[in-house]
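Report on the following structure.
Encoded structure:
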């Protein structure tokens, strides 16, 4: 019930280091900083590294919460489109040649938010080569990494980092309990020390109680078995959702088929406004909610996208919701 | 176990507003922002209000954690000495005339950290008059406020605030559980909205679990009765400590006699180095720890002070520790 070290309970730091090491990213307890969710790592990275006008490179689209975390540091953005193999590193290479103030690449390499796509192995190597060549920090955000239900795990960017330039962020929110607000950073000693100073300044420490609860869970229960349960459930739900989409959606709507994570990314025909359609039709008539896509674009919002979640609703609700949404698209959007 | 609103669980915000109102600071749930400890409020205030080179006015000495929270915003400091009635507002008045870039006054008005002294009623009015005249934000930090064991409560600065310029910070750390990391801010709508945006950016939200635990405690148990127990215990311990100090310390050492809080502030003769004495004598020989005073001074560290805590040790340990420290002072420091 008392105060604890600012960088986290030693036992939990060691447990996280063991999890990371087992996942192919060797590290020790001393390389781990416990955070108030990985969101706090986004905030700290921006505060450490970004002066107003510096450029943050992101996937296009990217995680809205990261844009919110970076905003107080007043960055400019440069964006790189994604395809089924993730961030397009050939586009990144060209972009970096013309972007002298680029300081940091922010990426969600596994089951990206919002698109669900995963960065391929060759592009992981290409991205690290570019970061080394242009002296950039890579902020690797991996909340969905362990929820993989197809294919083989790919190495983290941190495990490919030979120059101490990757700040790896992990989280218990998607594999254990969101309400605990527990995440962590793994980074080179100099970067981790600077983040540790910000931790003292920002909130002294993460809750002792929550750190102890997570640590006890890891000691007494089998996290891998728990994640296997999640994986099986989410795989099944993803399949149910994609089957229903194939059956009910107009053929002009395409969706990604993610190998993990919590959502698929829908692309509607040009001219479709997913924000207006949710407000006017999907919510009131079909009684279905999705996340309209436009807020995920740092520079040029594109209104014809939506992020659709399959992890929370039941299989029955997925079938019912997708059928209702499909009917509404055909009737009211005339797609 | 799920995510919650960024500004906090509505029920807990209402409960805190009721506590504040009962304490003479009327407010509603909408005026309360839940924080990751009041430390997070110190960080947010600096990030919102302080540009590099702006001046923060503090008591001299002041809370080290606040200096750590302000540091990333690169303020300059102007300091005001305290006496038994707290921050000397006549000195503050003169100082503000010569400090055009003063933006904020940081104060712990009740049982100040580290001195334990309390700002008198007339000085509370004087401080607010000066803040109004010089257009300053007052950051009122009140972690010890409810641990009063002598005298009558004085109005919060927030309750004397007619112009929406006080950011009041409260905390459950000292009256409930430090490990929960639960604090809050009460401020005018414009300031609270800006802090709310920083909360989303910084860590999305405080732990749902911890907010729910505090809320349930407030519903099911009697916080006032719990605080009354703390007050009685700490009053007794304070008396035991001050009695022991009178009996065992050299007469040249003076200590404050706080009406509340967790510690007393010792002043040793000029030339005494409390940091060196703890390292070389108090810890290894007397086996007593205190907090050396020099880190509490923003501008000019004075080495002849120590903050001595009476809330944590047992009465027997207080008697034993103070006797050992007194003997060591007489033998090894030749005071």
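Protein chains in written order, with this note's numbering: chain A, 1 to 335; chain B, 1 to 335.
For glycine and all other residues, C-beta sits at the position ideal for the given N, C-alpha and C.
Checklist entry - residue 210 of chain A versus chain B: which residues are under 8 Å apart at the beta carbon? => result 207, 209 and 210
- Query: Excluding sequence positions up to five away, which residues of its chain have a Cβ less than 7 Å from the Cβ of residue 43 of chain A?
  - Reply: 69
Exercise. Leaving out five residues on either side along the sequence, give the residues of the same chain with a beta carbon under 6 Å from the beta carbon of residue 295 of chain A.
Key: 64
Requested in this report: Let me know the secondary structure DSSP gives residue 306 of chain A once reduced to three states.
Outcome: strand
Starting from residue 259 of chain A, trace the beta strand (DSSP E) in both directions and tell me its first and last residue.
No beta strand (DSSP E) holds residue 259 of chain A; DSSP gives it neither H nor E.
Neighbour-count burial assignment, residue 1 of chain A, 16 or more Cβ in a 10 Å radius = exposed
Does any residue of chain A bring its CB to less than 7 Å from the CB of residue 3 of chain B? yes
For residue 37 of chain A, return the contacting residues in chain B, with the cut-off set at a CB-CB distance below 7 Å. 203 and 204
- Task: Using a cut-off of 7 Å between C-beta atoms, extract the partners of residue 75 of chain A located in chain B.
- Result: The contacting residues do not exist; residue 75 of chain A stays about 13 Å from chain B at best.
- Query: Roughly how many angstroms separate the alpha carbons of residue 281 of chain A and residue 287 of chain A, rounded to a whole number?
  - Reply: 8 Å
Using the beta-carbon of each residue, which ones in chain B are nearer than 9 Å to residue 47 of chain A?
-> 47 and 72
query = Is the Cβ-Cβ distance between residue 77 of chain B and residue 298 of chain B less than 7 Å?
reply = yes
Worksheet entry | Residue range of the beta strand (DSSP E) that includes residue 59 of chain A | 55–60
Have a look at A:272, A:266 and A:271 and flag the residue whose alpha-carbon is nearest the alpha-carbon of residue 322 of chain A.
-> A:266
Open item on the list: Just checking: is the beta-carbon of residue 43 of chain B within a distance shorter than 7 Å of some beta-carbon in chain A?
Closed with: yes
Exercise. Can you check whether the CB of residue 104 of chain A is closer than 7 Å to the CB of residue 154 of chain A?
Worked result: no
field: Nearest-angstrom beta carbon gap, residue 57 of chain A and residue 92 of chain A [assumed within contact, 8 Å]
entry: 7 Å
Tell me which residues share the same chain as residue 283 of chain A and place their Cβ nearer than 7 Å to its Cβ, disregarding the 5 neighbours each side in the sequence. 289
Residues, ordered as in the chain, of the region 163–197 of chain B that lie near chain A by beta-carbon distance below 7 Å:
177, 178, 179, 180 and 181
Discussion item. Alpha carbons only, please: which of A:164, A:163, A:259 and A:185 is nearest the one belonging to residue 115 of chain A?
Written reply: A:259
Rounded C-alpha distance that separates residue 203 of chain A from residue 128 of chain B: 28 Å
Worksheet item: Would the region 211–227 of chain A and the region 169–188 of chain A be scored as touching if the rule is three or more Cβ pairs under 8 Å?
Response: yes
Thinking residue 160 of chain A and residue 124 of chain A are a contact (beta carbons under 8 Å), I'd like their distance in whole angstroms, please. 6 Å
So, is the C-beta of residue 16 of chain A closer than 7 Å to a C-beta in chain B?
no
Problem set entry | Neighbour flag for residue 112 of chain A against chain B, beta carbons, 7 Å | no
- Message: Any beta carbon of chain A sitting closer than 7 Å to that of residue 40 of chain B?
- Response: yes
At 7 Å on the CB atoms, spell out the chain B contacts of residue 200 of chain A, in chain order.
68
Practice problem: Between the Cα of residue 165 of chain A and those of A:131, A:84, A:244 and A:145, spot the shortest distance and give me the residue it belongs to. | Solution: A:131
ask   = So what's residue 1 of chain A in DSSP terms, helix, strand or just coil?
value = coil
Between the region 257–281 of chain A and chain B, which residues of the former have CB atoms less than 8 Å from a CB of the latter, in chain order?
none
Interface residues of chain B facing residue 326 of chain A [CB-CB closer than 7 Å]: Neighbours of residue 326 of chain A on chain B: none; closest Cβ ~28 Å, over 7 Å.
**Q.** For residue 318 of chain B and residue 291 of chain B, the rounded distance between their alpha carbons
**A.** 15 Å
- Task: Would you list, in sequence order, the uninterrupted beta strand (DSSP E) runs of no fewer than 3 residues that lie entirely inside the region 176–254 of chain A?
- Result: 183–186
Rounding to the nearest angstrom, what Cα-Cα distance links residue 87 of chain A and residue 141 of chain A in this structure? 14 Å
(message) For the region 327–335 of chain B against the region 239–259 of chain B, do three or more pairs of beta-carbon atoms, one drawn from each stretch, fall closer than 8 Å, so that the two count as touching?
(response) yes
- Which full runs of the beta strand (DSSP E) of 3+ residues lie inside the region 133–157 of chain B, going along the chain? 137–141
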